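Residue numbers (this note's numbering), protein chains in the order written: chain R, 1 to 136; chain W, 1001 to 1357; chain Y, 2001 to 2574.
Heads up, the beta-carbon is just placed ideally off N, CA and C, and yes, glycines get one too.
Note that the structure is a prediction, hence the values are computed from the model and not measured.
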Amino acid sequence: MVESFSPRIVAFCCDKSGYVAADMVGKLRLSLPESLDIVRVPCAGRIDALHLLQALEKGADGVLIFACHEENCQSLTGNIRAKARMGYLHGIMERIGLEKERLDLCNLATNNGAKFAETVLQKFDELKKLGPSPVE
Amino acid sequence: MIEPNKAVTVGQRPGVADQNVLILGSGIAGITTALELSEMGISSTILERRDRLGGQAAVFACKASEKCNKCFACVVDNQIQEVSRRSGIRILTESTLGKISGDPGRFKVQIQSGGNESRLEASVILVATGVDFFNARQKPEYGYGLFQNVITAQDLDEMLHAKGRVLRPSDGQVPSRIAFFQCVGSRDETIGHLWCSKVCCAYALRFMKAIRHQYPEIETSFFYIDIQPLGRSFESLLEACRQDERMHLIRSLPSKVYGHRTSTDLRIRFIDPVSGGITEEGFDLIVLSIGMTPREDADQVADLLHVPKNEEGFYRSPPPDSGIFVSGACKGPRDIGGSIIDAKATAREIAQYLGGV
Amino acid sequence: MRSSKECRIAIVIDHCEGTLSHIFDEAMVRYFSGLPCVVSCYQDDNLSSPRRLEKLVAKLRKGKADRAVIVGGSPKRYEASFRRLDLGTGFNPYMFLVANVREQAVWTIPDVERAKEKTKTIVAKRIREATCLSPIGEEKFELSKNAIVLGGGVVGMRAALALADANIQVTLLSRAKDIGGKAIQLTHFYDRPGEVSSWFKDQVKKVKKHPNIAVKTSVELKGLEGSLGDYRVKVEDPSGKRREVEGSAVILAMGNDVIPNTEGIFGHQRFISPPQMEAMLADGGKSLVTDKERPLQTVTFILDLVNETIKIDSANAIKNAILLRENHDRAVYVICRDVKVSLDGMEKQYRKAREMGVIFIKYDDPPKFSLVNGQINVEVKEVSIQMRGDDYSLSILSDLVVVSERFVPSKDNQMLADVLGIPLAEEGFLMDENPQFARVRTNRRGVFIAGGCRYPQTLDESLVEAEAAAAGVTELLSQGFFGYDLAVAEIDPAKCAACLTCPRVCPHSAIVVERYAEGNVYVTGGYEKDFRWKAARVLPMQCYGCGICVSSCPTKAITLKHLTDDEISLQVGV
């Protein structure tokens, strides 16, 4: 049933960039997969490694972090911390046999609606090829 | 979740509560002033002739590469969202200024909105009408409007903003060689524009950096007279551009573009500073860095409000007791960041004029 | 988390001016009403208007619900109105949640039926999340109308004047014996007639005479601490006596330092700095002669060896080149990489200079210098001569060569960055150019920067910065108090291990470790006797609610009140 597999993506969105960009996707009337869940966080630095694991554990086939561009974070380092946390988790994922591609980060700005949609759709296709997450 | 902790907006303070500042123009200078005034408890009315807020910079795209390139476009976006949410700021779009009477501190203003006419009282009028971009058709040798693949930097910005991509208008394909022509409409005596638009070098270089990041296979050339620095991040930007092997900075302005309407091989002629000879090169997208000029209706507004102008036709600040203030690029070309701090400074001056602080 | 039985949720459907009406049909409304804990359901056409929201709150108060989920557009649409809700009305703004079905379902999923399904999923999730909500209060504290300006140069002076005119008591601190700074070296403006000195003297007089400004000179900066409303600057006077200056807010305007170029041949007396050039022109050109009273005939300005992306030197060179031609009939060369004309009116000045016979030479490779019979030979390849394909250099025998001083960060920057927790950029200037801070703000509430400590710029540009920074302070202090809601991080002292992670990661310097908790007192070695770390505490007025500390805390002792871990967990689930 690979045909009908629609990967579930959890997108953590920084309120200062990713979330506004996601809103812009709507305003531009671009399409997003229905299986995308948007989680709004005040800053990408709020995202705990635990949250990312939780998402994967609770059935997400992929997790995306949308953070501000480097040197454009209102909290100076939130985006860099998110990136570091992702690196840390990639290590864990490798050890437990989970593909690194299932967790990714995208830096964008409020007015990057098109980039938001493109990133989600690209990840969607990538996860489709990768197949459902092995996490039970 | 509500947006994280922000100072709680408090009501208007007595004394300045009945003061109303009329702001002409909703560009970055206008809306920033409105926001700053509202922080100080002063209400304002923004008059905008278009149907949307934000002025010229509202359609600018983010020009980040692997990191933020400090183009400030995102700030405009934030300010537009903020201004439409804030209390004490009235926004009138598709509206223009009519007759003005009264005295400084008590202006009576006529407003035309669509077919309707209305009146309002303003203690202060702020002119933040911004600039026009140079009409590239006035330089026919570059073929803007004639060749589909000759566009202005603003066209490119709008494209990147809406579609997130850089495409050749003629066939919708990703270009392989892009040329940026600087000083189109600036530093040019043949059209009587003896001023530098200040922002275009940084603007174009950021653009090239963003494009090179998104499309590493694209080759870009930058034709210029003198590179004009802008702000503090410029040094690293310029250095990064000089390091990039596929980004060519050529000290020469092309004299002419040859091609046909849908040509994807536009030939440009210029003096090659290395060989010293006249040479031709082909590009499939040409971007004109058009300069800033005083608004077409700059004289009308100036006459109506008695705003003095400089030799170039940009506004100068009227005397402080006139009740008229000027802010942003209508005083002369400036970037988004520059307009923002100018607006902050103006907001403080207005507050002081109103005696509210 | 409350048990879901205790929650009474109101569903509020916002039709967003009719644009969502096709989604919210009868079946959908039935579905919403049937969700767990939902006790009532309201509909509105446009909730983004504060007036409508107030009416809704009035209705909600009469009903049974204690919290509400708005189903409609983006939360950004409603939040400003939330924040203005009078807390006295009894419905806390933080008891609202928004299900953004317009942007996340209706507009991004073209198929209506599918969009409806997505709407249901989103709302069901928000309902679950709503069970975690708890009210968040607000606080305010008084701010006295006083501020400290560090730096007695023109930027600091302008900032102080702007503040003082707004009835803010200013303490202006200057390291130098007198206020004025480097601008005292300038004699002419490039873009307007009149001498700098009269303008400058006027500024100094205004500052000294202003009743709201207290000037303290000859003081050395020793430290800075505190938070909004309570900043304390430690200074030391020449006798070694230390004292503290207090202010509600601080403007940093210490300017930049300069390093003259005196290495190798540049140490020769025929090489002078731009301020020396200014001084020579200030006395009507009497000093434009050699020590044998022969006129210095050829003056060459060398630009862009340093400060290539700073416009100051170029502007001064063009200004002085014109003066040398106009008043003293000297031969003048300006040798640069690029002529900086991006200043108001500078293109015309550049043109005027060329018309008056100033020769501009642009190089790609830096010029070479040698001493020839007491004169300086400047050897440079002009880019336009390269165009001819020849490989020869121009040789300019100069009597006087003006080389720029390098603009460098002030030595105070490092200390201020350390004590204030504001970033020091790579090159040593204060703050990175992060667009979110609009140039004059810093990441610490109540601290602003302007002028050369941020980046050396032309006089006009720096003065606008000074006024913008003053505007920032005026805004903060104008109300006489600072009100803020408590949507911030909170540390549970019982769980805090005082590991000092949170004060280190906090980007806004909002966390302190002090005597606070009863439990968990850790004695650490290596410090003075009885030195004890107590639990960390968040200063709510400094906190921006970013949550970085929450995710960094190893003992999970920190809660972000407006977005708890529970709320996130519920959102990531299916």
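Q) Which value, in whole angstroms, describes the spacing of the CA atoms of ALA2487(Y) and ALA82(R)? A) 21 Å
Q | ALA2162(Y) versus GLU2475(Y), ALA2494(Y), PRO2554(Y), GLY2480(Y), residue with shortest Cα-Cα distance | A | GLU2475(Y)
Q: Less than 8 Å between the CB atoms is what I'm expecting for PRO2409(Y) and ASN2256(Y), so what's the real figure, rounded?
A: 6 Å
Q. Would VAL2372(Y) be called buried (16 or more neighbouring beta carbons within 10 Å of its own) or exposed?
A. exposed
Q: Taking 8 Å as the cut-off, decide whether the C-beta atoms of LEU1253(W) and ARG1242(W) are in contact.
A: no
Q: Please report how far the alpha carbon of VAL2071(Y) lies from the alpha carbon of ILE2023(Y), in whole angstroms.
A: 11 Å
Q. Can a CB atom of chain W be found closer than 8 Å to the CB of LEU105(R)?
A. no
Q: Mind listing the chain Y neighbours of MET1040(W)? Cutoff is C-beta to C-beta under 9 Å, in chain order.
A: ALA2471, THR2474, GLU2475, SER2478, GLN2479
Q) For SER2040(Y), which beta-bridge partners are listed by DSSP? A) ALA2010(Y)
Q) Unbroken alpha helix (DSSP H) runs of length 4 or more, entirely within the segment 1215-1273 of chain W: which are they? A) 1234-1243
Q) Got a sec, what are the start and stop residues for the beta strand (DSSP E) CYS2502(Y) sits in? A) Looking at the DSSP string, CYS2502(Y) is not in any beta strand (DSSP E); the run it does join, the alpha helix (DSSP H), is 2501-2505.
Q. What are the uninterrupted segments assigned as alpha helix (DSSP H) that are 4 or more residues long and contained completely in the segment 2160-2243 of chain Y, given in chain order?
A. 2196-2209
Q. Using a Cβ cut-off of 7 Å, which residues of the segment 1158-1169 of chain W contact any Cβ in chain Y, in chain order?
A. none
Q | Rounded C-alpha distance that separates SER1221(W) from LEU1205(W) | A | 10 Å
Q | VAL2258(Y) vs PHE2429(Y) beta-carbon contact at 8 Å | A | no
Q: Tell me whether the beta-carbon of GLN1148(W) lies closer than 8 Å to the beta-carbon of SER1170(W).
A: yes
Q. Under a Cβ-count criterion, where at least 16 other Cβ atoms within 10 Å of its own Cβ denotes burial, should SER1197(W) be classed as buried or exposed?
A. buried
Q) Can the beta-carbon of ALA1240(W) be found less than 8 Å from the beta-carbon of VAL1184(W)? A) no
Q) Going along the chain, which residues of its own chain have a beta-carbon closer than 7 Å to the beta-carbon of ALA117(R), five neighbours each way excluded? A) VAL25, LEU30, LEU32
**Q.** In chain order, each beta strand (DSSP E) run of at least 3 residues that lies wholly inside the segment 2346-2426 of chain Y
**A.** 2359-2362, 2368-2372, 2375-2380, 2394-2398, 2400-2403, 2406-2408
Q | Helix, strand or coil at GLN1110(W) [DSSP, three-state] | A | strand
(Q) Tell me the residue span of the alpha helix (DSSP H) that contains CYS2549(Y). (A) 2548-2552
Q.
Taking the straight line between their C-alpha atoms, what separation do you get for LYS1099(W) and PRO1319(W)?
A. 21 Å
Q) Between ALA22(R) and GLU2103(Y), which are expected to be in contact by the criterion C-beta below 8 Å, what is the C-beta distance as a whole number of angstroms? A) 7 Å
Q) What's the call for GLU1141(W), buried or exposed, on a 16-neighbour Cβ count within 10 Å? A) exposed
Q | Distance between ALA2510(Y) and VAL2549(Y) (C-alpha atoms, nearest Å) | A | Checking the sequence, you will find Cys at residue 2549(Y) rather than Val. CYS2549(Y) and ALA2510(Y): Cα-Cα distance of roughly 10 Å.
Q: Note down, in chain order, every chain Y residue with its Cβ under 8 Å from the Cβ of SER1026(W).
A: Here the premise fails: no neighbours, minimum Cβ distance about 17 Å.
(Q) Using the Cβ count rule (16 or more neighbours within 10 Å means buried), how would you classify HIS69(R)? (A) buried
(Q) 8 Å is my cut-off, CB to CB: does PHE2301(Y) come that close to chain W? (A) no
Q: Answer with yes or no whether the minimum CB distance from GLU2129(Y) to chain R is below 8 Å.
A: no
(Q) Let me check one thing: in DSSP terms, what residues is LEU2476(Y) bridge-paired to? (A) DSSP output for LEU2476(Y) lists no bridge partner at all.
Q: Would you mind reading off the limits of the alpha helix (DSSP H) that contains ARG1168(W)?
A: Where ARG1168(W) is concerned, there is no enclosing alpha helix (DSSP H), given that its DSSP letter is neither H nor E.
Q) Three-state secondary structure (DSSP) at PHE2437(Y)? A) helix
Q) Is there a Cβ from chain R that is less than 8 Å from the Cβ of LYS1067(W)? A) yes
Q) CB-CB under 8 Å to PHE2200(Y), same chain, minus the five flanking residues each way: which ones, in chain order? A) VAL2154, GLY2180, ALA2183, ILE2184, LEU2186
Q) With 16 other CB atoms within 10 Å as the buried threshold, where does TYR88(R) fall? A) exposed
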